[in-house]
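Participant: Input: one structure, supplied below.
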Amino acid sequence: MNKAVVIGAGIAGLITARMLSEYYKEVYIVERDELPTAPAIRQGTPQSFHPHRVLPRGHMILERCFPGYTHELIEHGAHTSDAEEMVLVNQFGILVFRPPIVSASSSRALLEWVLRRRLQNIHNVHFLTNTEVIGLMSSEDHKTITGIYTKKRSKNKQEGMLTADMVIDTAGRSSKVIKSLNSLGYTVPDPEVLKVSLGYSTQYYKIPRQMEQQWRSVVSEAQPAKGKMTGMLLRIEDNIAGTLLFSAGGENYPSAKPDEFQEELKKSKCV
2 MNKAVVIGAG
12 IAGLITARML
22 SEYYKEVYIV
32 ERDELPTAPA
42 IRQGTPQSFH
52 PHRVLPRGHM
62 ILERCFPGYT
72 HELIEHGAHT
82 SDAEEMVLVN
92 QFGILVFRPP
102 IVSASSSRAL
112 LEWVLRRRLQ
122 NIHNVHFLTN
132 TEVIGLMSSE
142 DHKTITGIYT
152 KKRSKNKQEG
162 MLTADMVIDT
172 AGRSSKVIKS
182 LNSLGYTVPD
192 PEVLKVSLGY
202 STQYYKIPRQ
212 MEQQWRSVVS
222 EAQPAKGKMT
232 GMLLRIEDNI
242 AGTLLFSAGG
252 ENYPSAKPDE
262 FQEELKKSKC
272 V
């Protein structure tokens, strides 16, 4: 097979491109953002500001696709999970344990950057950045998708096309693929929507040097009847602590203002 196109350069897109690189002569990742050359939050992944932790199964998959990625994260300041205990707090008590699998705790921005650099070193994987997918190409009988139409997000807004044997969309909610499929006459399944009314807010703190060795990650489960939000306290690279509060139901969301966030943190007594 000759050419595959992956729409979106998030985690899903990077893993997809990595696997396709073993079966296609050329793999193109088309991303609407101008990808940063260093770990940084970008417009296309606003959720990356909040703490992320790769769960054991996800860690196994990433390590299989990108062998040694954990050690690379640690080399760039991420914190290894086997160096600290984790504390789980809920209405039934407190559990202190060590994660069963060694992983690295880092920001989403650092994780994406490490995986992206790996792909940039694979000879048949190419990035088309600052490029928006504006439509799908199809055969005359509309039975086969044959590529994509693109538009640069620069001043000249240059349009182009890219043929492909396979097109995979990993762009998430911003994707225009469903609209393009409808315009070509394809029947698209109705989406299943689960409204959870979840609100969350995060602040970051520098861990004092005297506390670095005694540090523990904390996950405290919500107790809505007592007005207690769910809270997380996770260490990422460079000894930074990400503190997250979140609440479901739509009535009591954590504030994004630092002073109010501090008061809610004290009130919830969750971390």
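Quick note on my numbering: the sequence shown kicks off at 2 and runs consecutively. Ideal Cβ placement from N, Cα and C applies to all residues, glycine included.
#1: Where in the region 141-213 do unbroken runs of the alpha helix (DSSP H), each at least 4 residues long, occur, reported from the N-terminal end onward?
#2: With distances taken between CB atoms, is the gap from L63 to V220 smaller than 9 Å?
#3: Could you tell me the distance, in whole angstroms, from the CA atom of T132 to the CA atom of F93?
#4: What first and last residue would you give for the alpha helix (DSSP H) that runs through Y70?
#5: Taking the alpha-carbon of M233 as reference, which of K227, R217 and N240 has the nearest alpha-carbon?
#6: What would DSSP say about T17, mapped onto helix, strand or coil?
#7: Would you be able to state if there are at least three C-beta pairs under 8 Å between the region 226-241 and the region 261-271?
#8: Taking the Cβ atom as the reference point for each residue, do G148 and V7 lie within a distance shorter than 9 Å?
#9: Does the distance from the C-beta atom of A274 to that of A110 stay below 9 Å?
#10: With a threshold of 7 Å on Cβ separation, who are the neighbours of I102 within its own chain once the five nearest residues in sequence on each side are excluded?
#11: Below 8 Å on the Cβ atoms is my guess for L15 versus L137; work out the distance and round it to an integer in Å.
#12: Quick check: is the beta carbon of T17 nearer than 9 Å to any beta carbon in chain C?
#13: What separation, rounded to the nearest whole angstrom, lies between the Cα atoms of G9 and R118?
#14: Terminal residues of the continuous alpha helix (DSSP H) containing I62?
Facilitator: According to the structure data:
#1: Within the region 141-213, the complete alpha helix (DSSP H) runs of at least 4 residues are 178-184.
#2: As a first step, residue 63 must be located in the sequence shown, where it is residue number 62. As a first step, residue 220 must be located in the sequence shown, where it is residue number 219. With a cutoff of 9 Å on beta-carbon distance, L63 and V220 are scored as not near each other.
#3: Sequence index remark: in the sequence shown, residue 132 carries index 131 (1-based). Sequence index remark: in the sequence shown, residue 93 carries index 92 (1-based). So the two alpha carbons sit approximately 51 Å from each other.
#4: Mapped onto the sequence shown, residue 70 falls at position 69. Counting along the chain, the alpha helix (DSSP H) containing Y70 begins and ends at Y70 to E76.
#5: Here residue 233 refers to the residue found at position 232 when the sequence shown is read from its first residue. Checking every option, the nearest Cα to that of M233 belongs to R217.
#6: For this step, residue 17 is matched to residue 16 along the sequence shown. The answer is helix: DSSP assigns T17 an H, G or I state.
#7: yes
#8: Translated into positions along the sequence shown, residue 148 becomes position 147. Translated into positions along the sequence shown, residue 7 becomes position 6. In this structure, G148 keeps its C-beta atom at 9 Å or more from the C-beta atom of V7.
#9: Beyond the ends of the chain as shown, which are 2 and 272, falls residue 274; an answer cannot be given.
#10: Mapped onto the sequence shown, residue 102 falls at position 101. Closer than 7 Å at the Cβ level, and outside the excluded window around I102, lie P57 and H60.
#11: Translated into the one-based positions of the sequence shown, residue 15 becomes position 14. Translated into the one-based positions of the sequence shown, residue 137 becomes position 136. With a Cβ gap of about 22 Å, L15 and L137 do not count as contacting.
#12: Here there is only one protein chain, and chain C is not present.
#13: Your numbering for residue 9 matches position 8 in the sequence shown. Your numbering for residue 118 matches position 117 in the sequence shown. If you take the alpha carbons of G9 and R118, they lie about 16 Å apart.
#14: As a position in the sequence shown, residue 62 is number 61, starting the count at 1. Where I62 is concerned, the enclosing alpha helix (DSSP H) stretches over P57 to C66.
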